[in-house]
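First the structure, in the form of structure tokens, and then the observations on it.
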Amino acid sequence: MLDFNNFKENLEVLGEDIFSKKFLLAVSGGSDSMVLSHLFRFLESAQNDNGLEFQVAHVNYHFRGEDSNLDQKIVEDFCKKNDIKFHLKDVSEQEKNQMKSLQNWARGIRYEFFFKILKEENLDFIVTAHHLNDELETFIINLSRGSGIKGLSGIPKNENRILRPFLTFSKSEIYAFAEENNIDFREDKSNQKDDYLRNKIRHHLTPKLLEIFPNFLNQFQESLSYLNSANQFFQEEIQKTFEEILISGDEKEFVLDKEKLLKKHKTIIVEIIRKLGFTGIEIEKVIFSENGKFFRSNSHEISIKRKEIYCKKKHEKDE
């Protein structure tokens, strides 16, 4: 259940002395981010002189004409009413002409803007309103792509100065909180379409899962916690192995002991080669290659020289 106390507890575990930090809230105008904004407003009032501060950022892509402008207006009006500093990214036609993959492009524009503000305003964290249903959709997408344990262990709650305190709350809980507290928000009509894989999962697969297993989200959250713990252990073992087999070098060029590597569990071997940019059958070729073989991935060039693997990180212009 989402309430002020549960939200506060979620935020507390995301960092030491978290309530003295300065935050940038990513707010689209939808129910999730508007609830997030109101909860931070409540939190700011409750903390009094403890130092908590937050600002708001909004990106207007102008994809939906006047609807996009109304999304901007509801966020801007909330900030004016509550004396909150508002930052707007008004995406130009020139920027849109550079678009290749819509979702990846939009995310890139968004986070470049957020991190720019973070630096300019000397803020500590970006806060987003990703929730438990987003976790489930991401899990299913990654599962369909054959992801390993890392891809199935969930969206990080605190990573690279991005906090996601809503990950334990479902979409229905957030919506209920908005209704109970008379919080205004905008509905993005494009979310009702099945144009994207995520929307298809949201409209068709998730409801069916909840129909068959009413407690599915809670059980999924518990399983995700186990997977996340297992992944943390796994990543630590990978790092230990890498340090053990590293003969010499730095981040750009280094040499690995192939004999020591091949004595490790196959899962560890595969993951270390994967970190060099190789996938699928390429990994097998690298592992069992003969002396003198040369391989190139999207990030590294490696050559096999007897009992050693020589690795060189590619320059951006080479990629």
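One point on numbering: in this note's numbering, the residue at position 205 of the sequence shown is 207, and numbering is uninterrupted.
A virtual CB, placed ideally from N, CA and C, is assigned to each residue, including glycine.
Original post:
If you run the structure through DSSP and keep just helix, strand and coil, what is Ile164?
Top reply: strand
Original post:
Where does Phe127 sit, in a helix, a strand or coil, going by DSSP?
Top reply: strand
Original post:
Can you give the Cα-Cα distance for His302 and Phe280, rounded to whole angstroms?
Top reply: 9 angstroms
**OP:** Look at Leu134 and Leu219 and say whether their C-beta atoms are less than 8 angstroms apart.
**Re:** yes
Original post:
Phe89 to Ala178, Cα distance in whole Å?
Top reply: Checking the sequence shown, residue 89 turns out to be His, not Phe. Rounded to the nearest angstrom, the two C-alpha atoms are 28 angstroms apart.
Subject >> Neighbourhood of Glu321 by C-beta, 8 angstroms cutoff - its chain only, sequence neighbours within 5 removed >> reply: Unreliable placement is indicated for Glu321, whose pLDDT of 45 sits below 50; no coordinate value is reported for it.
**OP:** For Leu54, collect the residues of the same chain with a Cβ closer than 6 angstroms to its Cβ; drop the 5 residues on either side in sequence, then sort them by chain order.
**Re:** Phe21, Glu46
Original post:
Would Leu26 pass as a contact of Leu125 if the rule is Cβ separation under 8 angstroms?
Top reply: yes
Original post:
Are the beta-carbon atoms belonging to Leu207 and Ile142 less than 8 angstroms from one another?
Top reply: yes
Original post:
Leaving out five residues before and five after Ile151 in sequence, what residues of the same chain have Cβ atoms less than 7 angstroms from its Cβ?
Top reply: Leu229, Ala232, Asn233, Phe236
Original post:
If we ignore side chains and look at the alpha-carbon of each, how far apart do Ile111 and Asp136 end up?
Top reply: 20 angstroms
Original post:
Whose CA, out of Glu139, Asn84, Met3, lies closest to the CA of Phe222?
Top reply: Glu139
**OP:** From the DSSP output, in three-state form, read off Gln394 for me.
**Re:** Residue 394 cannot be examined here, being either before or after the span of the chain that is shown, 3 to 321.
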